[in-house]
Amino acid sequence: MLFARQGKKFDYDLKQLRFSGDLMMELGAGIELATAAFPQLFLPLACMANVVKNVAAVTSTSTRTPIYKAYAKGENIGDVTAKGESVGNIADLLGTGMSILMSKRNPSLVASFAVLSCGYLLSSYQEVRSVVLNTLNTARFTVAVDSFIKTGRACSFIEGRELRGDYI
5 MLFARQGKKF DYDLKQLRFS GDLMMELGAG IELATAAFPQ LFLPLACMAN VVKNVAAVTS
65 TSTRTPIYKA YAKGENIGDV TAKGESVGNI ADLLGTGMSI LMSKRNPSLV ASFAVLSCGY
125 LLSSYQEVRS VVLNTLNTAR FTVAVDSFIK TGRACSFIEG RELRGDYI
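Under my numbering, think of the first position of the sequence shown as 5, with each following residue one higher.
This is how it looks when you write it as structure tokens:
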């Protein structure tokens, strides 16, 4: 309920929120790993990690459907959702398999976490980067108006992203 006021951002800034949620999930996992290094702080670190990961989960869940909707053509949202969830399950299984293979070689836990987290975040970045939203938030509206004033025509959503210099 603490963040309920932020609800509209899930519709307008969903790509940024989706990626931020993934960053928070990795931060939470990193805090969990820190409990091994600081056993005397186990309870506060575990609680903090749990809070961060739960906020990240809400962010991820809340942005999933609008992202799937952006990929849908007409009324095939069920098909897009099924495919998206299947890809997510395959990625989870592959990640589990990779971690099992890596653990047999006894690598550094921190190094393994860093490599797998970077891979996850890179994939997440590519996911949100590929989504083209057909809605206007404040930044997209400003770019569209500026483009129209300068050129006499409204820019496309992709052109607008390039004009804004968005990383996502």
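For every residue, glycine included, the Cβ atom is placed at its ideal position computed from N, Cα and C. Source: prediction; values computed, not measured.
- Excluding sequence positions up to five before and after residue 163, its CB lies within less than 8 Å of the CB of 151, all in the same chain and listed in chain order.
- Nearest to residue 139 by alpha-carbon distance, out of 119, 160, 105, is 160.
- About 16 Å separates the CB atoms of residue 103 and residue 125; that is not less than 8 Å, and the two are not in contact.
- Between residue 26 and residue 112 a beta carbon distance of about 23 Å is seen, past the 8 Å cut, so the two are scored as non-contacting.
- Listed in chain order, the alpha helix (DSSP H) runs fully inside the region 86–114 amount to none, counting runs of at least 4 residues.
- When secondary structure is reduced to three states using DSSP, residue 51 falls in the helix class.
- In this structure, the straight-line span from the alpha carbon of residue 18 to that of residue 71 is close to 8 Å.
- In chain order, 33, 34, 37 place their CB closer than 8 Å to the CB of residue 117, counting only its own chain and leaving out the 5 sequence neighbours on each side.
- The continuous alpha helix (DSSP H) containing residue 154 extends over residues 142–155.
- In this structure, the alpha-carbon of residue 80 lies about 11 Å from that of residue 74.
- Taking a contact as a CB-CB distance under 8 Å, the pair residue 65 and residue 22 does not count as one, their CB atoms being some 10 Å apart.
- Residue 136 sits exposed, since fewer than 16 C-beta atoms from the chains shown fall within 10 Å of its C-beta.
- Annotated as proximal: residue 60 and residue 28, with beta-carbon spacing under 8 Å.
- In the DSSP assignment, residue 139 falls outside any alpha helix (DSSP H), carrying neither H nor E.
- Rounded to whole angstroms, the Cβ separation of residue 56 and residue 97 is 25 Å, and the two are not in contact under 8 Å.
- Annotated three-state conformation of residue 77 is coil, per DSSP.
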